[in-house]
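Take a look at the structure below.
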Amino acid sequence: MRLVVNKIVLGLSVFAALLGLVFLGWILVTLFLKGMTAMNLSLFTHDLVDNGLRNLIVGQFVLAGLASLIGIPLGMVAGIYLREYGYGSRFAELIRDLSDIMMSAPSIVIGAFVYAVAVIPFGGPSGFAGAFALAIMMIPIVINTTDSMLSLVPKELREAGIALGASKYKVIFDIVIRAAKVGIMTGILLSFARIIGETAPLLFTSETSNYFTLDLTESFPSMTVSIYNLANEPEESARDLAWAASLILTVLVLVINLTGRYVTRNKHK
Amino acid sequence: MLEKLFQKISLGSASFVLVLLIGIFVTLFLAAKPAIDEFGLHFLVDPRWNTEVPVENSDMTKEPQAVSSSMMQDGVTTDDVVEDEEDDLLADDEDLLGDDEDLEGEKATKTVYGGLVPIVGTILSTLIAMLFAVPIAMGIAVFLAEIAPKNISTPVGIAIELLAAIPSIIFGMWGLFYFAPIISDIFGGYQVSLLTAGLVLGIMILPFMAAITRDSMNTTPDILKESAYALGATKFEVIKDVIFPYSKVGIIGSIILSLGRALGETMAVAFLIGAVYQLPEKITDPTISIPVAMAVNFGEASGLGESALFYLGLILFVFSFGVISLAKFYFLKRNKG
C-alpha cells in the first residue's frame, strides 16, 4: 500500500513537472516559429515607420545602457557600503532589507513614480525618464549581488591587506573587489538582462517612437513598449513584427543570462 | 583623503535606497492626495470608475428654482473648486441648461472614481494564478530536488531558471494569441477574461516559484533524509515527513514571494484581462487589475482621474510591500546573507 501511494505521488510530481515544462516549451516553440517566419534582414536596417525594428533595438539598448550607467556604479558602491563599511550596523541592515523589498516592488508603480517626478514636471515623456525608471529597477539588484558576492570573499584576505598597512579603501579596491570580480560581473549581466526586457516602467515614461532618434529629451523608441502596441493592432503585419521583436528580445535575454552562467561556471572550475 | 571621500560616497549611495523608497511613497501619496481627499477610504469599496453621478450641492439647492441661466453658471463657478474634472462638468451643465432648466436648478454632476473593480480583479487573478501554479511548482520542485537524477535535474533546473528570465510581455502575447482561444473553447465565455489572465499569470510565475521552492527544499540536510531512508521510508514519506516539515517555512516564503510578484505583474495580465471596469460575475468575464488600470489609463488620464490612478498605485505599493516583507523577513529569514 505504502509503495502504491509512493508511486502515485511520485507519478503526480513527474506529471506536474512535465505539464509545467510543456507549457513553457509551448511558449518558446511558438515564439521561435512565429518570430522566425517574420524575421528578415531588413528588420535590422529599417525603422518602425518602414516596418523595421532598427530604431527599437537601438533605443532599448540606449535606455538599458543609460540605466546601467546610473544603476551599476550606485548599486555597487552601496553594496560595498553594506558589506565593508556598515557591516553589522542597524542602518546597513535596514538598507539591505529595503533594497531586498524593492527588488520585488511592482514595476508599474516605479513607472508611476517616475511619471510624477520626471514626466509631468518636464512636460512629457523622455528617454531620460525611461532610463531613470530602469535604473531604479536595477539598483536593488546590483546592491544585492554586490553584497552577496563580497560576502564570499574570505575575511583573511582583508586582514592580510590591513596587516600589510593598506588603507581600507585600498583593501576594498585592490583585494576584495578583485576577488569578487567575476561574481559581480555576472550579477551585473543578469541585472542588465532583467531590465532590458522590462515594459511596465517604460509605458508612460519613455513611451516609444516610430522614428530613429538619439534625442533623450523626447519620446524614445522602446522595443518592449512597441511590442505591446504592435500586438494590440489588428493587422497581421503588425503582429508579425511584434513576434519578430519578441524573439530578438528573448534571444538577447537568454544569451546574456547564459553568458553570465558560463563565466561563473568557469570561475568555479 | 580619498578614503574618507569614498566612505562618504558609499554611505550616500546606500542612503539613496532609503531616500528612493520614501520618495516613491511620498510622491505617490501626494499625487493621490486629491483622490484620497475626495473619496477617502470609500474608494476601496466603490465599484464605480469614471462615472458621472448627480451631486447635491448644498448651496445650489438653496437657490431659487427660477434663477436665470447666467446666474446659475456664476453660482457654479464660485462654489466649485477649480479642477479639470469639474471644468468638464461645467461644460456639461451648460449643454443641459438649454434643454431643461428645471432639472439644472437642483442638480450638477461629478465624476466618481472607485477602486473596487481593479482591487477585486487583482486579488482574483492572483488567486487563480496561485491555485494553478502552486501545485505544479511543488511538483517541479520535488521532481528537481528529489526524483530526477542529477544529470536530468541540472539541465532542467537551468532551463527553469532561464524561463524565469523571459520578459513577461512574451507570456502575455502568447497567452492572447494561442492560449486564450483554447481556454474560451473549453470553458466558454470571452477570450479575454479573469480566467485566462489568471492562468497565464500562473504560467509566468511558475519557473520563479519552482526555482526558489527547490532551493528551499535543497536546504534539508542529507543526513536527515538518509536516516529516514535507512528506517525504510519510501521516497514519498521522506518528502512528506522529512523535507516538507524541515523546509516548510522556506516553501511558504517562496510561495508568498511569488504571490508578491504576481500581484504587481502588468504585462502578462494587460493583454488578457480585458481592461473593463466591471465586476466579474463569472470567472470567464473580463475585468481589470490595478497594474493594468494604470498601464491602460495613465496616458489619457488627467486631474482627478490621474490622481485616482496614483491612489490605486499607492494601494498596490503598500500591499505588495507588506506581502513581500512578510515573505522575506518572516519566512525566508534563514536565507538572509
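Going line by line, the protein sequences match chains A and B. The numbering used here applies: residue 30 is where the first sequence begins, and numbers increase by one. The numbering used here applies: residue 11 is where the second sequence begins, and numbers increase by one. C-beta atoms are modelled at their ideal positions from N, C-alpha and C, and glycine is treated no differently. Predicted model only: the values in this text are computed from it and were never measured.
- Within chain B, no C-beta atom comes less than 7 Å from the C-beta of Thr288(A); the nearest is roughly 12 Å away.
- Taking 8 Å as the threshold, the shortest C-beta distance from Arg31(A) to chain B falls below it.
- Inclusion of Val36(B) and Leu127(A) in the CB contact set at 8 Å is not warranted, their separation being larger than that value.
- Within the stretch 27-53 of chain B, contact with chain A at the beta-carbon level (separation under 7 Å) is assigned to Val27, Leu28, Leu30, Leu31, Ile34, Thr37, Leu38, Ala41.
- In this structure, the beta-carbon distance from Ser235(A) to Ser133(A) does not fall below 8 Å.
- For the pair Ile170(B) and Ile150(B), the CB atoms are nearer than the 8 Å cut-off.
- Taking 8 Å as the CB threshold, Glu13(B) lines the interface with chain A.
- Look at Glu62(B) here: in three-state DSSP terms it is strand.
- In this structure Ala155(B) is in contact with Arg224(B), their Cβ atoms being roughly 5 Å apart against a cut-off of 8 Å.
- According to the DSSP secondary-structure assignment, Ala67(A) is paired through a beta bridge with no residue.
- Counting only Cβ-Cβ distances below 9 Å, Tyr239(B) has no contacts in chain A at all, with the closest Cβ about 12 Å away.
- Under the 8 Å criterion on CB atoms, Met277(B) is classed as interfacial with respect to chain A.
- For Phe16(B), the chain A residues whose C-beta falls within less than 7 Å of its own C-beta are Tyr198, listed in chain order.
- By the C-beta criterion, the stretch 198-209 of chain B is judged to be in contact with the stretch 128-147 of chain B, since at least 3 inter-stretch pairs fall below 8 Å.
- A check of alpha carbon separations from Ser136(A) across Asn35(A), Ile224(A), Val43(A) identifies Ile224(A) as the nearest.
- With a contact defined as Cβ atoms closer than 8 Å, Leu85(A) and Pro250(A) qualify at about 5 Å.
- Using a C-beta cut-off of 8 Å, the stretch 53-69 of chain A makes no contact with the stretch 251-258 of chain A, since fewer than three inter-stretch Cβ pairs fall below that distance.
- Nearest C-alpha to Arg112(A) among Val38(A), Leu103(A), Lys199(A), Arg125(A): Arg125(A).
- Between the stretch 178-192 of chain B and the stretch 275-283 of chain B there are three or more C-beta pairs closer than 8 Å, enough to call the two in contact.
- Between Pro296(B) and Val202(B), the C-beta spacing is below 8 Å.
- In this structure, the beta-carbon distance from Leu141(B) to Val55(B) does not fall below 8 Å.
- Lys199(A) and Met219(B) have their alpha carbons spaced roughly 41 Å apart.
- Taking CB atoms only, Met65(A) has no neighbour in chain B less than 8 Å away.
- If you check the CB distance, Ala143(B) and Ile215(B) come in under 8 Å.
- Of Gly284(B), Met304(B), Leu269(B), Lys292(B), the smallest CA-CA separation from Ser335(B) is found for Leu269(B).
- For Gly309(B), there is no enclosing alpha helix (DSSP H), as DSSP marks it with neither H nor E.
- For Phe157(A), the enclosing alpha helix (DSSP H) starts and ends at 156-180.
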